[in-house]
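Same order as they appear, the protein sequences are chains A and B. Every position in the first sequence, counted from 1, becomes a number in my numbering once 409 is added. Every position in the second sequence, counted from 1, becomes a number in my numbering once 574 is added. Even glycine gets a Cβ: it sits at the ideal position worked out from N, Cα and C. On a predicted model such as this, the values are computed, not experimentally measured, just so you know. Below: one structure, written as structure tokens.
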Amino acid sequence: MNVAQPPLSTAAEQTWEIDPTHPGPTASLVEIWRHRRLLRFIGSRALRKIYRRTMLGWAWLFIIPLFPIALRTLVFGGLLNVGADGVPYMLFLTGGTVVWDLFAMGLTWGTRGLEMNRGVADQVYVPGTVLMLGNLAPALLDFALKLGAFVLMAAVFWGVTGAAPLRFANVHWTIAALSLAFLLAVSLSFFTSVWGEAGRDTRFVLGQVLAVWYLMTPILYPASAMPESWQRWVAVNPMVPVVETFKWSLFGVGQHDPRSLAASAAVIGVLLMLGLVYFARNEAAAHDER
Amino acid sequence: MRPLAPIVAASLVFGQVMQVPSEGCPYFLFLLVGTTIWNFFDGPLIFATRGLESNRHLLTKLYLPRVILPAGQMAAGLVEPVVCVGVLIAAVFYYRWTDGVWYVSLAPRLLLAVPLVLLTVMLAFSLSLWTSVWQARARDMRFVLMYSLGFWYLLTPIVYPVSHLPPAARWAAYINPMTGPVVGFKWAVLGIGEFPATPLLASLAGAVVLLALGLWYFARVEGQTIDRL
């Protein structure tokens with residue numbers, strides 16, 4: 410019985426073709442898929458790196474998210490009497506924070522993706538896209554913790570008041586909103602991580618921009634409280650439909666406008682394509698120049 | 575530009591969306607005045623906290639009186655509040671032009687703003703005597719500080735007037751050593767609210783005690799801290 414053996418390759422047959430990378434979005438996506446195993450490595454690297462040389466270490470993960478929410482509830486919900494369309498303010502704020510922070514933390518960590526992994530990139534070839542995406546791991550962990558806290562809080566409210574504060578009939582809209590928030594973070598990170606590699610001040614500017622953006626998005630307050638004159642400006646902010654859809658799908662209050670969500674999705678899709686192209690064209694140069 | 579964007583956004587949200595009252599003057603001015611005096615506290619504190627850590631190379635090589643480091647570093651933190659004062663002056667002229675009202679009048683009480691700023695900076699310095707040592711020991715002090723300052727900002731009557739607090743909760747505001755300077759500064763500049771005599775005396779006493787304790791603490795631990803730097 411002869412099993413057909415593959416022919417042994419000789420040195421002459423073994424040729425390497427070295428092509429320049431194609432700066433197209435598809436080529437980038439293919440490359441990410443090929444290197445997908447590295448994502449886990451880069452991700453765990455990012456997770457370990459953040460809490461090194463700090464005293465509280467991993468305890469931070471639990472302390473950080475909950476205090477600001479409690480205090481903001483006290484000041485905005487209690488003292489300033491901001492409405493929440495009938496939802497308990499603390500739950501309302503936590504829900505908004507879950508979806509906002511998925512975006513904001515994702516963007517923050519994505520921006521540092523190239524800069525934090527310089528050591529790796531200097532030594533071996535890893536596609537920059539993979540470095541950036543792997544670096545999103547801390548943001549995803551943070552999201553999982555906050556989501557857990559949110560669900561726990563809803564359960565407590567349910568136990569105390571006897572009325573279920575969340576409904577899950579529209580949970581597919583929740584998932585759509587969360588995916589869009591994450592994709593917006595990814596697509597903007599394709600730009601900001603290249604800038605972050607060039608100069609450290611990108612991070613500080615980004616922090617400022619996010620602080621303003623946070624205030625302009627209905628998280629601390631319901632969209633219904635926005636003055637009429639704002640409506641034109643609100644349409645510019647792709648996070649408004651995302652946050653509103655998230656809250657509507659779980660609490661059943663607020664605006665649900667599939668058309669504006671679709672517009673947001675379209676904007677995010679275009680940004681994602683542009684980001685991939687921009688990243689592929691400028692990443693290498695940014696890495697060499699610094 | 576940098577300090578201005580967050581103030582404009584915050585004044586839109588707090589003033590227009592949340593309709594926080596501002597005792598008769600435009601909410602933007604109200605918030606700007608409160609933020610200015612707050613920046614005289616948090617800017618110097620943040621910069622001074624890093625005083626020991628960021629001068630590590632200097633410290634491990636030669637001797638110099640170490641208290642100088644947080645104090646010197648503090649100067650960098652004064653840039654932002656000074657810019658805020660400039661913005662404030664511009665805003666006052668802007669409102670004179672649009673509303674026809676001088677919201678800030680050149681009354682003698684305006685002079686009181688200066689000692690209030692000094693008191694605020696002194697509070698920041700005395701706290702930084704503690705925080706700079708902790709920062710040199712553990713890097714996460716910076717995050718703790720940022721978080722605490724975020725809370726502190728909300729707990730101090732900056733975005734809302736003291737009169738908005740329920741009377742039962744006012745004592746809580748007056749424990750806070752920054753309430754006196756902030757409320758006093760608003761009174762001195764905008765002429766709103768009351769002159770907070772008791773809270774200010776308490777702040778002053780607190781600042782003196784904190785400064786004395788801070789100097790004592792700093793002198794006691796600077797040596798061992800430098801060794802571990």
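In the structure shown, A/A644 falls within a coil segment according to DSSP collapsed to helix, strand and coil. By the Cβ rule, the region 708-728 of chain B does not count as touching the region 576-586 of chain B, because fewer than three pairs are nearer than 8 Å. Contact of A/M541 with chain B by beta-carbon distance below 8 Å is absent, the smallest such distance being about 23 Å. Nearest CB-CB separation between B/V591 and chain A: below the 8 Å threshold. Around the beta-carbon of B/F667, fewer than 16 other beta-carbon atoms lie within 10 Å, marking it exposed. Sorting A/M625, A/A607, A/P547 by C-alpha distance to the C-alpha of A/W642 places A/M625 at the top.
Contact annotation for A/L489 against chain B: M592, V594, Y734 [CB-CB distance below 7 Å, chain order]. Under a criterion of Cβ atoms nearer than 8 Å, no residue of chain A is adjacent to B/L605; the nearest Cβ is some 12 Å distant. Excluding residues up to 5 positions away in sequence, L540, M541, N544, S598, S602 lie with their Cβ nearer than 7 Å to the Cβ of A/G522 in the same chain. The distance from the Cβ of A/A558 to that of A/T503 is about 7 Å, consistent with a contact at the 8 Å cut-off. Residues of chain B whose Cβ lies closer than 9 Å to the Cβ of A/F512 do not exist, since the nearest Cβ in that chain is about 17 Å away. Chain B places a beta carbon closer than 8 Å to that of A/A620, counting this residue as a contact. In the displayed model, A/E653 falls within a helix according to three-state DSSP. Taking 9 Å as the Cβ-Cβ cut-off, the region 734-756 of chain B approaches chain A at Y734, H738, L739, P740, A743, given in chain order. Short of 6 Å from the beta carbon of B/G625, and not among the five residues preceding or following it, lie these beta carbons of its own chain, in chain order: L643, P644, Q647, S706.
Sixteen is the threshold: when 16 or more other Cβ atoms of the shown chains lie within 10 Å of the Cβ of A/G519, as they do, the residue is buried.
By the Cβ neighbour-count rule, B/Y637 is exposed, with fewer than 16 other Cβ atoms within 10 Å of its own. From the beta-carbon of A/A634, the residues of chain B found nearer than 8 Å are V591, M592.
Note on B/Y601: 16 or more other CB atoms within 10 angstroms of its CB, so buried under the neighbour-count rule. Inclusion of B/P751 and B/G780 in the CB contact set at 8 Å is warranted, their separation being smaller than that value.
At a cut-off of 8 Å between beta-carbon atoms, B/P580 makes contact with chain A. Taking the CA atoms as reference points, B/F604 sits about 22 Å from B/T772. A/P547 counts as buried, since no fewer than 16 other beta carbons sit within 10 angstroms of its beta carbon. When the beta-carbon positions are compared, B/F769 and B/I611 stay at least 8 Å from each other. Note that the C-beta distance between A/E606 and A/T538 is not below 8 Å.
A/L575 sits buried, since 16 or more C-beta atoms from the chains shown fall within 10 Å of its C-beta. Neighbours of B/V587 in chain A, taken as residues at a C-beta separation under 8 Å, are given in chain order as L624, M625, L629, Y630. Within the same chain, G504, G663 come within 6 Å of A/K656 by CB-CB distance, once the 5 residues on both sides are set aside. The C-alpha of B/L778 lies about 57 Å from the C-alpha of A/A671. In this structure, B/E796 lies away from B/R630, with their beta-carbon atoms at least 8 Å apart. Going by beta carbons, B/F621 and B/G651 fall inside the 8 Å limit. In the three-state reduction of the DSSP assignment, A/V529 falls in the helix class, which pools H, G and I. B/F725 has a beta carbon lying within less than 8 Å of a beta carbon in chain A. Nearest to B/W726 by C-alpha distance, out of B/R716, B/W745, B/T753, B/S702, is B/T753.
Under the Cβ distance rule, B/A584 counts among the residues neighbouring chain A, one pair being separated by less than 8 Å. Collapsing the DSSP output to three states places B/F604 in a helix.
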